[in-house]
Structure formats: C-alpha cells, structure tokens
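Here's the structure we're looking at; comments come further down.
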Amino acid sequence: MAEQDNTFRMHLSGPGPLDVTHFSGTRRDALPGADFLFEENPLAMFVYDKASLRLVATNARALDQYGYTREEFLALSLNQLLNDPAPIVHDPSAENLLASSERVERHRTKSGGSLTVEVRERQALAEGRTLCLVVAMDITENKKEQARWQTIAMQDSLTGLANRISLEERARQALITARRNGHRVAILCIDLDRFKQINDWYGHSIGDECLKELGSRLTRRLRGMDVVARVGGEEFTVVLAEVESAQSAMIVANFLLQAIGKVFEVENHTLTMGASIGVAVYPDHGTESDELQRLADLAMYRAKRAGGNRAFIAQESTDPYVDDGSHMEACIRTALAEETFQLHYQLEYRPNGTVRGMEALLRLPRQGGGFIEPDRFIPVAEESGLIYPIGYWVLAQACRQLKMWNTPGREPMRIAVNVSPLQLLRPDYAVSVMNVVQEWGIEPSWLELEITERVVVNFDEVAKGMRLLHSQGIRFAIDDFGTGYSSLQHLNRLPISTVKIDRSFVNRICDANGSYPIVEAIVAMGHSLKMEVIAEGVEKREQRAALERIGVDGMQGHLLARPASIDEIEAILGLSAHPDGTA
Numbered sequence: 001m002a003e004q005d006n007t008f009r010m011h012l013s014g015p016g017p018l019d020v021t022h023f024s025g026t027r028r029d030a031l032p033g034a035d036f037l038f039e040e041n042p043l044a045m046f047v048y049d050k051a052s053l054r055l056v057a058t059n060a061r062a063l064d065q066y067g068y069t070r071e072e073f074l075a076l077s078l079n080q081l082l083n084d085p086a087p088i089v090h091d092p093s094a095e096n097l098l099a100s101s102e103r104v105e106r107h108r109t110k111s112g113g114s115l116t117v118e119v120r121e122r123q124a125l126a127e128g129r130t131l132c133l134v135v136a137m138d139i140t141e142n143k144k145e146q147a148r149w150q151t152i153a154m155q156d157s158l159t160g161l162a163n164r165i166s167l168e169e170r171a172r173q174a175l176i177t178a179r180r181n182g183h184r185v186a187i188l189c190i191d192l193d194r195f196k197q198i199n200d201w202y203g204h205s206i207g208d209e210c211l212k213e214l215g216s217r218l219t220r221r222l223r224g225m226d227v228v229a230r231v232g233g234e235e236f237t238v239v240l241a242e243v244e245s246a247q248s249a250m251i252v253a254n255f256l257l258q259a260i261g262k263v264f265e266v267e268n269h270t271l272t273m274g275a276s277i278g279v280a281v282y283p284d285h286g287t288e289s290d291e292l293q294r295l296a297d298l299a300m301y302r303a304k305r306a307g308g309n310r311a312f313i314a315q316e317s318t319d320p321y322v323d324d325g326s327h328m329e330a331c332i333r334t335a336l337a338e339e340t341f342q343l344h345y346q347l348e349y350r351p352n353g354t355v356r357g358m359e360a361l362l363r364l365p366r367q368g369g370g371f372i373e374p375d376r377f378i379p380v381a382e383e384s385g386l387i388y389p390i391g392y393w394v395l396a397q398a399c400r401q402l403k404m405w406n407t408p409g410r411e412p413m414r415i416a417v418n419v420s421p422l423q424l425l426r427p428d429y430a431v432s433v434m435n436v437v438q439e440w441g442i443e444p445s446w447l448e449l450e451i452t453e454r455v456v457v458n459f460d461e462v463a464k465g466m467r468l469l470h471s472q473g474i475r476f477a478i479d480d481f482g483t484g485y486s487s488l489q490h491l492n493r494l495p496i497s498t499v500k501i502d503r504s505f506v507n508r509i510c511d512a513n514g515s516y517p518i519v520e521a522i523v524a525m526g527h528s529l530k531m532e533v534i535a536e537g538v539e540k541r542e543q544r545a546a547l548e549r550i551g552v553d554g555m556q557g558h559l560l561a562r563p564a565s566i567d568e569i570e571a572i573l574g575l576s577a578h579p580d581g582t583a
C-alpha cells in the first residue's frame, strides 16, 4: 500500500477501490491494517458483484484453495465456482442490502475437484453497486471425518452390518412407512446355537470369520429395503420392511435358517452352525419397535429351548422357563446352591434280560411340580458356564451310587453319565474325573462317559482328554449315533467303547422300507471295531425282537424300564434282574 491510513481497502478489477467499512458497519479509522488482514487471512475470502455475479476481488488463500492464479480467478463468475447444476440468478426485487448469511455449499476447483465449503456472506453498497464479501472455509476433511465417525457409530466394526443404534432408527422408519402405507413389518431375532463352543474350541479369530461370513450370507438373501444388524456377540436382528403376512415372515426365517446351516469353510476347518429365530410382525403382535423386538426375542428363546435350529412366531406366554433365559439361569443357580437337582436312572438290558448298566439322567424340578426338560435348561447351562459345576455334581452323585450299589458278591454294573464337550475341553477335566473316582473308591471301568456324535465330527480337540481318561480305565460311549455326519471310521480314531443307536432308527426298524438294514450295518461295523452296540428308544416288542435278531449288545427304552428315582431303581434291582419285557 502507498500509505498506511488504517483504512481497509480492497483493490478490485473494476475502477475505484472498495472500502470494507461498508461491510463491517464501522468507521474507517477503526480498522487498522485491513488490507493486510484481508490478503493474509488464513481463510479463503473473495468478493463478487451481486448483479453480474462476477468475482471482483480475492485473497491469496482463496487462490490456493481453488487452484487458480489471480487473473484466472477474477475472470470467473460465481456460477463457475459453484459445484451445482442450478445457476444463481440475480433478482433485484429480492435484494436486502444489509443481508448476511451462513450456509454450506459445494464448490469446484480448477482441477475439477469438489470442496465442501462453509460460506459466510455479507452484502454492502459500494459506489452504486451491491457487493458481497464471502468467507469460504474448506470443511471437506471435516465432513469426511464426520461421515467416517457417523459410519462407525452406526455400523458393527466386525461384520460391517448395522449395529443396534442403526437398527433402532431403521426399524422406527420402517414402522412409520408401514403405518402410512398399510403394510406389515417383521422383526426377526436370530441367536446362533452354541456358538460359544466354536470360540472355545477354535479360538475367537475363527469365530469372527464365521460371523463375517454369516453377515454376508444373510445380507445376500434379503432385499435392499431390509435391514440386517449385529446386536450382540452371536445375536443378529433382521427387519423385513414389507411382508404380506406373518406366514411370509416365517418362510423368510426358515430360508435364513437354511443359509445359516450351510457349511462354513474357515482356515481348513469345516464347521456347521445352527440358529434359533423368533419372529414378530407389525401390527399382528405389536405396534412399537421395542414391543416387537421383545416378543421376537421371547419367541427366539422358545425356539432355543425346543432344541434350537428352528424358527418360532411370537406369542404371549406366561411361562418364564420358556421365554426368559435369565430366569432359567437363575433357576439353575438356585438348584446348584440348594442342591435340588435330582438324578434319575434308566436301566439298560442285555438281550438275555440281565442288567447291563444304567444311564444317569439329570432332572431340574419345576416350581409347582414336575421337571423342566433337559433340552431347555442344558443349553442355558452351557452358555452361562454353569455346565461345569453341574457336570461335577452329576459325576460325584453317580460315583456315590456306584459305590453303594456295586457291593461285593454282586456283578458290577456301569453308570453312563452324559458329558458336555465343554467339560472335555477343560485342561483339568481328566484330573477332576479321576479325583472323584478315587474319592469314592470305585473302579474306573464302572463309569461310562457319554458324548454326542456331533462332538466327534466337528471337534477333534476332545480326543486328548478322552484318551487320557481311557488310559485310566474310563469308558466312552457315543450317544444318538446316526443323526449327525460322522461314520464309524471317525469313531475308530477315538477311544469309544460303546455306540448307542439313535431312537429314530429303532422307531422305524419294523417299517416297510424302514431302517432295519441301517441298524444291521451299524451293528456289524461296530462289532468289527470291537465296540458294544446299544439300541435306544425301544418301546415295542417287535422292535425288541428285531434288535435281538440283528445282535445288539444291549437295549434301553420304556418297554424295558422307564427313568426312575434311586428308590425305584433299588426296588427293581432287588426284586428282579430279569424283566419279562413288560416293565
């Protein structure tokens, strides 16, 4: 500047200077160094003529921000700077000469890039024309960061699916649309069955890969308007934005069950999973999102208590044992603390009618009488970790009874105890079993531990503990054989002494085109591997006769003996060891 007169003057491309005190509303002598403040300001600033929209002044920061030389910039109109297909048209009738505004715009750089700009604008009259001073702060990175954090806040970090926050908003919007358009919305609560075992057996990294693949499977099988959210460790929720009926929602739920049940190939591991799904539909079961999710969650618990790998529709229920997993867990804890669990025993018989042994069956008393079915409380015990103290209690009680019943002079019998695979995976499990055996002074061979076929198929990790116990004389039986995916070849790799044929085969053994050849093959192969073969679920005389012809080593079922209390078992053993088949 030629003189330091403390006046803020901007040199324009047109004739004559512009005094910025027009914009500030202050006196000229109140703005010392105004030219310097404009030119060296760290924020982009420029001036345009409101009538022609021509840019008439700029500072250095604006040139850097937009990528132009000063001459190029001052040759532009405001419309050329805006990244907006709708041009600005000057309307003199709408003029407010004292107007100021703040807004966010998209601006275009010389290279064609796009900037998000926070604009602050002030208008003033100067030498007969309306000029607008613009401060244009580039907030592009701020917006990107905000968008990134918005995504993080609304997205599950592992699977990339919606999270609970996003789910609640999407469900709310779906219900608003449904009320307006008169259609239905379905909420599906999905909980993977015994997923904790995959994490325990293979590690969380394998479990995480399964969850990511599952999220992709669910997403691929739904419409763009639907929502899939991960709301917990192994819990997912689906919002079906438009469904014709509750029946349609159930069809989708079963379709998703099929997808979940397909094999997962993860790091050379072949895994299978199941899920329990609860379905609630607006407006059939409720009108608010929270209510629908609660009812779907209760329906999911019903599906889980029924054995899992199935979908149930919502219904009002007053049975807390069915609907409330936390209530069930509380009942289990109370039973452990107060020692109200009971063991019943079901006898196994040889074909000649003598007692081979018995199976210990755990019973959880229900308040008001009766018992809660094991397939409803055992999954809760496994998921909560209570299966370990339960298993120890069952083992100790069975060993106590063996000590009492296998008295000198009487042929020793065995008690089979069902074992969760989670117990076998504990490093100290084999030692704890042998400690209990030694504490009660029984022979290890009197004890038989039953595991399920699925454990043998999917999780070879149990083999180490099994071999250690087998080396001490403990026997192992494979329960419900024939219902999974294994073969006797798998069993040959483990110290299995007994194969128990699933009751579904026994039930159809006398049918035309039934399971007789299958049972016959299982028995033959079991014997070739030096294993005893026991048939479960024998309820008819003709089934017993067929099994005797095939040559099973033992039978168990209501035809021979129902599960009984200790007193009843003692009465049976004291009266007769040779039932006539009518017991």
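According to UniProt numbering, the sequence shown is numbered sequentially starting from 1. No residue lacks a Cβ here, since even glycine has one placed at the ideal position from N, Cα and C. Since this is a predicted model, take the numbers as computed values, not measurements.
Rounded to whole angstroms, what's the CA-CA distance from residue i to residue j? Just pull it up for me.
| i | j | result |
| --- | --- | --- |
| VAL552 | LEU222 | 49 Å |
| GLY385 | GLU450 | 19 Å |
| MET328 | ASN142 | 50 Å |
| ASP91 | LEU63 | The pLDDT assigned to ASP91 is 45, lower than 50, so where the model puts this residue is not dependable, and the model offers no usable value. |
| GLN155 | ARG310 | 28 Å |
| SER576 | GLU383 | Confidence in SER576 is poor, its pLDDT being 38 and thus under 50, which makes the residue's placement unreliable; the coordinate value appears in the next sentence. Using only the alpha carbons, I get a separation of about 42 Å. |
| ALA30 | VAL135 | Reliability of the predicted coordinates at ALA30 is poor, the pLDDT of 41 falling under 50, and no value is obtained from them. |
| VAL104 | ARG122 | 15 Å |
| ASP511 | GLY526 | 23 Å |
| VAL355 | HIS558 | 15 Å |
| SER471 | TYR516 | 35 Å |
| LEU292 | ASN41 | 57 Å |
| ASN418 | THR177 | 52 Å |
| GLU39 | VAL239 | 56 Å |
| GLU265 | ARG562 | 42 Å |
| LYS196 | ARG467 | 24 Å |
| ILE387 | ASN181 | 49 Å |
| ASP290 | ASN254 | 23 Å |
| ILE572 | MET250 | 48 Å |
| GLN423 | SER157 | 32 Å |
| LYS500 | ILE415 | 14 Å |
| GLY353 | GLU539 | 15 Å |
| SER565 | ARG426 | 30 Å |
| ILE372 | ARG305 | 10 Å |
Verify whether the separation of the beta carbon atoms of residue i and residue j is less than 9 Å.
| i | j | result |
| --- | --- | --- |
| ARG179 | GLU244 | no |
| GLN543 | TYR349 | no |
| TYR345 | GLN401 | yes |
| GLU242 | LEU192 | no |
| LEU82 | HIS107 | yes |
| ALA246 | ALA186 | yes |
| GLN65 | THR130 | no |
| ILE390 | ILE332 | yes |
| MET404 | GLY357 | no |
| residue 664 | ASP284 | Here the chain has residues from 1 to 583 only, and residue 664 is not among them. |
| VAL227 | ARG170 | yes |
Please determine, among the options, the residue with the shortest C-alpha to C-alpha distance to residue i.
| i | options | result |
| --- | --- | --- |
| ASP480 | THR498, LYS540, ASN163 | THR498 |
| ILE534 | ASN513, ILE496, ALA296 | ILE496 |
| ARG120 | ILE190, VAL239, LEU161, MET137 | MET137 |
| GLY537 | ALA174, ARG508, SER565, ILE522 | ARG508 |
| TRP446 | PRO427, LEU469, TYR429, VAL462 | LEU469 |
| ARG58 | HIS558, GLU520, LEU76 | Rather than Arg, the amino acid found at residue 58 in this sequence is Thr. Residue LEU76 is the option with its Cα nearest to THR58. |
| ALA162 | VAL231, ILE198, ALA51 | VAL231 |
| LEU491 | VAL462, ILE518, ILE474 | VAL462 |
| GLY112 | GLU127, GLU118, TYR68, ALA296 | TYR68 |
| CYS132 | GLU168, LEU53, ALA306 | LEU53 |
| SER216 | THR159, GLU548, GLN367 | THR159 |
| ARG549 | LYS540, GLU520, GLN438 | GLU520 |
| VAL279 | GLN315, HIS269, PHE341 | GLN315 |
| LEU529 | LEU494, PHE505, PRO408, ARG503 | LEU494 |
| ALA44 | GLN80, LEU115, ALA546, GLU288 | LEU115 |
Could you tell me which residues DSSP puts in a beta bridge with residue i?
| i | result |
| --- | --- |
| GLU105 | VAL117 |
| ALA311 | ILE277 |
| PRO351 | The partner list for PRO351 (beta bridge, DSSP) is empty, contrary to what the question assumes. |
| SER77 | ARG54 |
| residue 601 | Outside the modelled stretch of the chain, which goes from 1 to 583, sits residue 601, for which no answer is possible. |
| VAL135 | MET45, ARG120 |
| VAL533 | VAL499 |
| HIS269 | VAL266 |
| THR130 | LEU125 |
Tell me, please, whether the CB atom of residue i is closer than 9 Å to any CB atom in chain C?
| i | result |
| --- | --- |
| ILE390 | The question asks about chain C, but that chain is absent: this structure has only one protein chain. |
In chain order, what are the residue ranges of uninterrupted beta strand (DSSP E) at least 3 long that sit wholly in the region 394-451?
414-418
Pick out the complete beta strand (DSSP E) segments inside the region 206-266, 3 residues or longer, and give them in chain order.
227-230, 235-243, 264-266
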